[in-house]
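Residue numbers (the working numbering), protein chains in the order written: chain A, 1 to 450; chain B, 451 to 577. Take a look at the structure below.
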Amino acid sequence: MINKKQKTKSLFQSENTLLVTTRVKVLLALLVGLVLSLLAVYVAREQYLGSLISQTETLATLVDKERVSSLVEDDENAEGNERVLKSQLQEARSVNGSAHFLYLMATSPTGDVYFLVDSENPGSESYSPRGQVYPEATEALKASFYTGKSFIEGPVTDRWGTWLSVISPVYNTAGQQVAIIGMDLTPATYYSVLTTAAVIPLIGALLVSIVFIATDTIRRRRQEAVRMRSELVSIASHELRTPLTGIRWGEEALLAGKLAKGDRETLQTMYDSTLRLQESIEDILQLANWQAGRNQDLVRTSINIGQLIDGIYATQKLPAAQKNITLTFGQDWPEELLINCDGQRMKRVLNNLISNAIKYSKPSTSVVVDYQRVDGQHLISIKDHGIGIPKREQEKVFAGFYRASNAIQHDASGTGMGLYMSRSTVEQHGGKLWLTSETGKGTTAFIRLP
Amino acid sequence: MAEKPKILVIDDDGLLLKSLSDMLDKKGYHVDTAGDGETGLKLALDKKPALIILDYQMPGMDGLTMLQQLRQSDGTQSIEVIFATNTYDTSVINTALSLGVHDYILKSDSSLEQIAELVNQYVPPSP
Numbered sequence: 001m002i003n004k005k006q007k008t009k010s011l012f013q014s015e016n017t018l019l020v021t022t023r024v025k026v027l028l029a030l031l032v033g034l035v036l037s038l039l040a041v042y043v044a045r046e047q048y049l050g051s052l053i054s055q056t057e058t059l060a061t062l063v064d065k066e067r068v069s070s071l072v073e074d075d076e077n078a079e080g081n082e083r084v085l086k087s088q089l090q091e092a093r094s095v096n097g098s099a100h101f102l103y104l105m106a107t108s109p110t111g112d113v114y115f116l117v118d119s120e121n122p123g124s125e126s127y128s129p130r131g132q133v134y135p136e137a138t139e140a141l142k143a144s145f146y147t148g149k150s151f152i153e154g155p156v157t158d159r160w161g162t163w164l165s166v167i168s169p170v171y172n173t174a175g176q177q178v179a180i181i182g183m184d185l186t187p188a189t190y191y192s193v194l195t196t197a198a199v200i201p202l203i204g205a206l207l208v209s210i211v212f213i214a215t216d217t218i219r220r221r222r223q224e225a226v227r228m229r230s231e232l233v234s235i236a237s238h239e240l241r242t243p244l245t246g247i248r249w250g251e252e253a254l255l256a257g258k259l260a261k262g263d264r265e266t267l268q269t270m271y272d273s274t275l276r277l278q279e280s281i282e283d284i285l286q287l288a289n290w291q292a293g294r295n296q297d298l299v300r301t302s303i304n305i306g307q308l309i310d311g312i313y314a315t316q317k318l319p320a321a322q323k324n325i326t327l328t329f330g331q332d333w334p335e336e337l338l339i340n341c342d343g344q345r346m347k348r349v350l351n352n353l354i355s356n357a358i359k360y361s362k363p364s365t366s367v368v369v370d371y372q373r374v375d376g377q378h379l380i381s382i383k384d385h386g387i388g389i390p391k392r393e394q395e396k397v398f399a400g401f402y403r404a405s406n407a408i409q410h411d412a413s414g415t416g417m418g419l420y421m422s423r424s425t426v427e428q429h430g431g432k433l434w435l436t437s438e439t440g441k442g443t444t445a446f447i448r449l450p
Numbered sequence: 451m452a453e454k455p456k457i458l459v460i461d462d463d464g465l466l467l468k469s470l471s472d473m474l475d476k477k478g479y480h481v482d483t484a485g486d487g488e489t490g491l492k493l494a495l496d497k498k499p500a501l502i503i504l505d506y507q508m509p510g511m512d513g514l515t516m517l518q519q520l521r522q523s524d525g526t527q528s529i530e531v532i533f534a535t536n537t538y539d540t541s542v543i544n545t546a547l548s549l550g551v552h553d554y555i556l557k558s559d560s561s562l563e564q565i566a567e568l569v570n571q572y573v574p575p576s577p
């Protein structure tokens with residue numbers, strides 16, 4: 001049937017779009033990551049540059065003030081002092097791995113910036129002799145001779161390459177700034193510090209986003225599985241009920257016609273079996289519906305309870321007859337009892353209680369269904385003379401997947417779910433279901449409904 | 451001779467459709483049948499039956515959709531509708547009841563006699 005194909009197709013279509021809230025969460029995570037990244041870059045940069053200034057300022061204090069003054073004044077000891085300072089600069093550089101050039105500079109009255117001494121050996125390409133002007137001096141460098149403040153400049157490109165320059169003031173013994181000390185480094189470390197600071201929060205944000213997406217996917221798969229299970233139960237219900245209805249109506253049509261006695265008996269047996277089969281299937285479908293978590297809202301209509309129970313008696317004729325059990329209504333049962341309730345669901349409850357009554361009854365006893373009006377509410381009772389339920393198990397039998405010890409011995413069949421679901425249904429109606437029982441004497445089940 | 455009251459039965463299961471219509475025919479009704487919602491709708495508008503027995507799960511147009519469209523058309527307000535289903539989908543049934551379905555039955559839980567009695571309540575057969 002086309003109908004079945006349509007339903008099956010919808011079972012296997014899954015949605016691949018992310019829920020809106022997950023998209024929002026991922027976006028927020030990435031945004032936060034970006035902000036943290038910028039923050040991290042800022043902090044890392046401050047820290048790194050700060051430490052560079054620290055190093056350079058330390059070097060500035062260690063440089064011999066008198067020797068520097070000598071170079072600036074270019075007195076008779078300048079050459080000697082130059083050699084000493086150069087070797088000191090070289091030693092400092094060898095200790096500081098990242099420093100590429102170390103140098104001292106001064107400024108002339110004309111505003112030119114010139115070398116006093118650097119860390120290069122004469123003969124090397126990068127050597128600048130004393131007095132050599134540094135034409136590429138930036139405005140910031142020129143100003144630094146007067147501000148008395150350390151600063152960092154760059155990465156700046158000059159004829160020797162691209163450098164990060166750390167500049168710190170150098171003072172003479174009188175406390176006047178006479179020169180600057182400079183430390184040039186390749187920008188590689190600077191760039192890698194910034195990159196690492198930028199990348200780590202972003203990676204964190206990415207991981208968080210992945211977690212959001214993964215949990216969303218898991219949740220949706222689970223929902224999909226639940227939905228599929230629910231649809232399967234719906235399809236199964238229809239596929240089981242429809243052919244059975246066909247069989248039942250066919251049998252009814254035949255029974256309504258003329259038949260030979262033998263044939264009628266055969267057909268009647270078939271019909272009784274069909275009705276019992278329908279009841280069993282309804283029990284199983286109710287369990288399946290419950291397990292699949294399907295919507296179990298009530299459909300309330302006016303139900304003739306007497307007729308409902310008549311129908312149940314009809315399906316229980318055979319098992320009752322086998323043990324010579326009689327099924328009757330009590331004296332107080334009204335002529336017509338109409339209760340506003342869900343007929344299908346209450347049928348399962350009454351079927352469960354009546355079939356239990358028959359199942360556990362002693363042979364040649366009776367099962368009586370009776371009625372009372374109590375405090376404006378309906379009270380239906382189902383009384384049997386059976387094996388009863390041991391006192392300490394009387395509440396447990398309602399727990400679900402539980403069968404009383406004597407019940408299992410008496411009759412091996414049964415899921416143990418009947419009373420759980422019966423009570424659940426009655427309570428959903430706003431009523432109450434309970435038992436009174438004595439082992440060896442019998443059990444009475446009570447249903448109270450508003 | 452009094453005219454037999456008209457009943458329309460709409461159900462996609464051919465077997466059930468035949469069982470129902472044969473039974474109702476024997477009871478003295480004039481029975482039209484349809485195997486899907488669209489045909490059923492056309493027949494309903496055409497023949498203006500006194501009562502419709504309407505299945506829910508059908509290919510193409512389902513029972514509820516057909517009912518909605520029926521109610522929108524003129525001259526169909528007086529048609530009694532019995533909703534017959536084999537899935538006890540409470541949301542579907544409650545929707546049907548709210549759409550003015552006069553009764554509903556679970557087919558697998560009803561005997562042909564019970565259905566005949568129900569139909570008789572709304573539309574007595576010709577004597």
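Heads up, the beta-carbon is just placed ideally off N, CA and C, and yes, glycines get one too.
- Judged by DSSP in its simplified three-state form, Ile457 (chain B) adopts strand.
- Chain A places a beta carbon closer than 7 Å to that of Tyr538 (chain B), counting this residue as a contact.
- Close to Asp297 (chain A), with beta-carbon spacing below 8 Å, are these residues of chain B in chain order: Thr540, Ser541 and Asn544.
- DSSP places Phe145 (chain A) outside any beta strand (DSSP E); the residue lies instead in the alpha helix (DSSP H), whose first and last residues are Glu139 to Thr147.
- Judged by DSSP secondary structure, Glu395 (chain A) falls outside any alpha helix (DSSP H); it is assigned neither H nor E.
- One thing to note: Ile305 (chain A) has its Cβ within 7 Å of the Cβ of Leu337 (chain A).
- When beta bridges are read from the DSSP output, Gly262 (chain A) appears opposite no residue.
- Residues of the region 224–245 of chain A whose Cβ lies closer than 7 Å to any Cβ of chain B, in chain order: Ser234, Ser237, His238, Arg241, Thr242, Leu244 and Thr245.
- Closest in alpha carbon position to Pro509 (chain B), among B:Lys468, B:Asp461, B:Ala500 and B:Leu568, is B:Asp461.
- Think of a sphere of 7 Å around the beta carbon of Leu465 (chain B): the chain A residues whose beta carbon falls inside it are Gly246, in chain order.
- Residue pairing by DSSP puts Arg373 (chain A) in a beta bridge opposite A:His378.
- Classified as exposed, Arg83 (chain A) has fewer than 16 neighbouring CB atoms from the shown chains inside 10 Å of its CB.
- Contacts with chain A at 7 Å (Cβ-Cβ) include Lys557 (chain B).
- The three-state secondary structure of Ala534 (chain B), taken from DSSP, is strand.
- Buried is the label assigned to Ala78 (chain A), since at least 16 other Cβ atoms lie within 10 Å of its Cβ.
- Under the three-state reduction of DSSP output, Arg45 (chain A) falls in the helix class.
- Here Thr269 (chain A) carries a helix assignment [DSSP, helix/strand/coil].
- Taking a 10 Å sphere around the C-beta of Leu207 (chain A), we find fewer than 16 other C-beta atoms and assign the residue as exposed.
- Near chain B, meaning a CB-to-CB distance below 7 Å, the residues of the region 329–353 of chain A are Gln344.
- Per the coordinates, the alpha-carbon of Pro122 (chain A) lies some 19 Å from the alpha-carbon of Val68 (chain A).
- Within its own chain, the residues whose Cβ lies closer than 7 Å to the Cβ of Gln428 (chain A), once the five positions on either side in sequence are excluded, are Leu298, listed in chain order.
- A straight line joining the alpha-carbon of Ser405 (chain A) with that of His385 (chain A) spans about 18 Å.
- Between the alpha carbons of Arg248 (chain A) and Ile503 (chain B) lies a distance of about 18 Å.
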